[in-house]
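Visitor: Can you keep this structure in mind? I'll have questions shortly.
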Amino acid sequence: MKHTTVLISGAGIAGPALAFWLARYGCDVTVVERAPQLRPGGQAVDFKGATHRTVLERMGLLDAVRERQTGGRDQTIVDEHGRPLAVIPGEFTGGDIEIGRGELAALLHARTAGACEYRFGDSVTSLTETADRVHVTFAGSAPAGFDLVVGADGIHSNIRRLAFGPELDYVTFLGHYYALVDGLTADGGRDDEAFMYNEPGRMVATGGPKAPAFFVFRSPQLQYDRYDPQAAKRILRGAYSGGRWRIPELLDRLDAADDVYLDSISRVQVPAYSKGRVVLLGDAGYGNTLGGFGTGLAVVGAYVLAGELRAAGGDFRTAFAAYETAFRGYAKVSRQGSAGPFLAPPSGLRIAMRNWTFQSRWLLRMMLKLTDRYATGIELKQY
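Following full-length UniProt numbering, the numbering of the sequence shown begins with 1 at its first residue and continues without gaps.
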């Protein structure tokens, strides 16, 4: 593996996690990221079960993550008058360890910046594979050649589009959108309170684990610029028009919000994780928006992919096939279900049924056992 050159697109969680292992194994790693700098804040992410903890421990990150954990809080589901209907326990939303996405990204960057090259504010514009290299052009830097290229750049992966084909071929829209809004609280709300409110086909939460304000709503597929916060605000106002509870207050304060991000709830399915010298990691290869396992899949996937490359002595064909064999069964959780109908049920009856799952201790225990089984469903090799 020594001096194998690897380009990783994406400096969120999956990319730096892979960079950590590849640098340890002797690779020359470059990480390219479209954003001008590390993205602070963002929603809370979580780790579940012994498998996730083991990988963090082998990275030497477990204690640091625990020191920064947010301590998942209970969230109260309320009616339009603010009366409590059910409580979502913190262990359900926050797993074993919950940490801010920005905090985790900063930890991973700090552990890899000295051993890898990071290029912020840049992106890949083309990939041309030859017998022994991938020639890459960039939007803001000179072309270069790499032995391997990794797409760790999310559900809307640029690398997947360039190497595999159009997003439409691999990403399925699941009928809902979500929005994360920083710097937005309802009048009268307190920082230590977490509430969730539903109307048929739409949900709003304040003070919860995702963001100061978190929205999920049912919708046909929309055409808009994901990077335009004003477009996101217009869509939210239309989607929540006439809403009750604190919705009018939140919409009134939307203009003053620090940051708004709106995206679809979608699922990624690819027939293979690799094509030639290009391989996909994390949401780029097996994403399911708000599915609850994305961060764990990214970190465990990075461990397995890097480990198989090491085990194969850098023979990427053997390594990519072994990564696929070892990981596809574990990643099957990303191919199941959709968070949209659970968070924003389509009718009053479905809302009541969802609430009942949190009122029943037996059902809640069953759901927690199921998530633990999904999170631990892989045998970790000692690479």
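Quick reminder that beta carbons are idealized off the backbone N, C-alpha and C, glycines included. These numbers were taken from a predicted model, which means no experiment stands behind them.
Which of helix, strand or coil does DSSP assign to His109?
Guide: Of the three classes helix, strand and coil, the one that applies to His109 here is helix, per DSSP.
Visitor: Over the uninterrupted beta strand (DSSP E) stretch that includes His176, give me the two end residues.
Guide: Here the beta strand (DSSP E) through His176 covers 171-182.
Visitor: One question on the structure: do Tyr330 and Gly377 come within less than 8 Å of each other, judged by their Cβ atoms?
Guide: A contact, by the Cβ cut-off of 8 Å.
Visitor: Where are the beta strand (DSSP E) runs, 3 residues long or more, that stay fully inside the region 214-277, in chain order?
Guide: 259-268, all fully within the region 214-277.
Visitor: Can you tell which of Ser141, Tyr197, Ser334, Ala205 has its C-alpha closest to the C-alpha of Val171?
Guide: When each option's Cα is compared against that of Val171, the closest is Ser334.
Visitor: Across the region 249-256 and the region 296-306, are there enough close Cβ pairs to call them in contact, namely three or more that are closer than 8 Å?
Guide: Result no; under three Cβ-Cβ pairs closer than 8 Å.
Visitor: Any heavy atom of the ligand SAM closer than 7 Å to the beta-carbon of Val299?
Guide: Inclusion of the ligand SAM in the displayed structure is not the case, the ligand content being empty and no account of it being possible.
Visitor: Tell me which residue opens and which closes the alpha helix (DSSP H) that Gly294 is part of.
Guide: Gly294 -> alpha helix (DSSP H) spans 294-311.
Visitor: Verify whether the separation of the beta carbon atoms of Thr371 and Leu364 is less than 8 Å.
Guide: Taking 8 Å as the Cβ cut-off, Thr371 and Leu364 do not qualify as a contacting pair.
Visitor: Tell me the rounded alpha-carbon separation between Pro212 and Phe47.
Guide: Answer to the nearest angstrom: the Cα atoms are 21 Å apart.
Visitor: Do Gly201 and Ala344 have their CB atoms nearer than 8 Å?
Guide: Yes, these two residues count as a Cβ contact at 8 Å.
Visitor: Across which residues does DSSP place Gly100 in a beta bridge pair?
Guide: Beta-bridge pairing links Gly100 to Ala44.
Visitor: Hey, would you say Asp178 sits closer than 8 Å to Ile247, going by beta carbons?
Guide: Before going on, a small fix: residue 178 reads as Tyr here, not Asp. The answer is no: Cβ separation not under 8 Å.
Visitor: Could you pull the start and end residues of the beta strand (DSSP E) that Phe146 belongs to?
Guide: Residues 144-146.
Visitor: Could you work out which residue in Ala113, Pro229, Gly121 is closest to Val32 when comparing CA atoms only?
Guide: Ranking the options by Cα distance to Val32, first place goes to Gly121.
Visitor: Can you give the beta carbon distance from Arg277 to Phe316, rounded, assuming they're within the 8 Å contact cut?
Guide: The Cβ separation is near 6 Å, so the contact holds.
Visitor: Hey, quick one: how far does the beta strand (DSSP E) through Gln69 stretch, first residue to last?
Guide: First-last for Gln69: undefined, no H or E at that position.
Visitor: Just tell me which of Thr112, Gly41, His81 has its CA closest to the CA of Leu61.
Guide: For the residues Thr112, Gly41, His81, the minimum Cα distance to Leu61 belongs to Thr112.
Visitor: So, does the region 36-47 touch the region 93-105, judging by three or more C-beta pairs under 8 Å?
Guide: They touch, by the three-pair rule.
Visitor: Nearest by alpha-carbon distance to Val204: which of Gly340, Val6, Pro16, Ala115 is it?
Guide: It is Gly340.
Visitor: Excluding the five sequence neighbours on either side, which residues of its own chain have a C-beta within less than 7 Å of the C-beta of Tyr383, listed in chain order?
Guide: Within the same chain, Tyr383 has close Cβ partners Gly307, Arg310, Ala311.
Visitor: Does the structure place the region 221-230 close enough to the region 256-276 that three or more beta carbon pairs sit under 8 Å?
Guide: Contact between the region 256-276 and the region 221-230 is present, because at least three Cβ pairs lie under 8 Å.
Visitor: Exposed or buried, which one is Thr289 when buried takes at least 16 other CB atoms within 10 Å?
Guide: Under this definition Thr289 is a buried residue.
Visitor: If you check the beta carbons only, do Val270 and Gly287 fall under 8 Å apart?
Guide: Cβ atoms of Val270 and Gly287: not closer than 8 Å.
Visitor: Helix, strand or coil: which one does DSSP assign to Thr318?
Guide: Of the three classes helix, strand and coil, the one that applies to Thr318 here is helix, per DSSP.
Visitor: Would you kindly work out how many angstroms separate the C-alpha atoms of Asp169 and Gly82, rounded to a whole number?
Guide: Distance between the alpha carbons of Asp169 and Gly82 is about 43 Å.
Visitor: Secondary structure at Ile13, three-state DSSP: helix, strand or coil?
Guide: It is coil, neither helix nor strand.
Visitor: Quick one, which of Trp245, Arg244, Ser219 has its alpha-carbon nearest Ile235's?
Guide: When only C-alpha atoms are compared, the closest one is Ser219.
Visitor: Keeping to the same chain, check which residues put their C-beta closer than 6 Å to that of Ala322; ignore five residues upstream and five downstream.
Guide: The residues are Glu308.
Visitor: Answer yes if the region 71-80 comes into contact with the region 147-163, meaning at least three C-beta pairs across the two stretches below 8 Å, and no otherwise.
Guide: Result no; under three Cβ-Cβ pairs closer than 8 Å.
Visitor: Roughly how many angstroms separate the alpha carbons of Leu148 and Val136, rounded to a whole number?
Guide: Distance between the alpha carbons of Leu148 and Val136: 11 Å.
Visitor: By how many angstroms is the C-alpha of Phe342 removed from the C-alpha of Gly348?
Guide: Near 12 Å, if we compare the C-alpha coordinates of Phe342 and Gly348.
Visitor: From what residue to what residue does the alpha helix (DSSP H) around Pro341 run?
Guide: First-last of the alpha helix (DSSP H) with Pro341: 339-343.
Visitor: Can you tell me the Cα-Cα spacing of Tyr15 and Glu80, whole angstroms?
Guide: It is Gly, not Tyr, that sits at residue 15 in the sequence shown. Computed Cα separation, rounded: 42 Å.
Visitor: Comparing C-alpha positions only, which one of Lys2, Met1, Leu7, Arg58 sits nearest to Val134?
Guide: The candidate whose alpha carbon is nearest that of Val134 is Leu7.
Visitor: Pick helix, strand or coil for Tyr118, following the three-state DSSP scheme.
Guide: Residue state, collapsed to three classes: strand.
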